[in-house]
Amino acid sequence: MRDGVASGKLKGNEALPAKAVITLGNTSLNLVIDSDIELG
């Protein structure tokens, strides 16, 4: 993030999409987190 703001690619106040997928082997557990991360 710091590099993106420093280089001008990011303004530092936007919301960026983020997604995390967690699976547990040998089970049917599948957790998906899909949200935005507010930078500023």
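Each number in this note's numbering corresponds to the 1-based position in the sequence shown with 8 added.
The beta-carbon is built from N, C-alpha and C at its ideal position, and this holds for glycine as well.
query, result
"Starting from S43 and walking both ways along the beta strand (DSSP E), at which residues does that stretch end?", "38 to 46"
"Whole-angstrom Cβ separation of G48 and G16, contact assumed at under 8 Å?", "That belief does not hold up - the Cβ atoms of G48 and G16 are roughly 15 Å apart, past 8 Å."
"Please report the residue range of the alpha helix (DSSP H) in which G12 lies.", "10 to 15"
"Within the continuous beta strand (DSSP E) that includes K19, where are the two ends?", "Per DSSP, K19 belongs to no beta strand (DSSP E) and is neither H nor E."
"Among V29, I30, V40, L24, whose alpha-carbon lies nearest the alpha-carbon of E46?", "L24"
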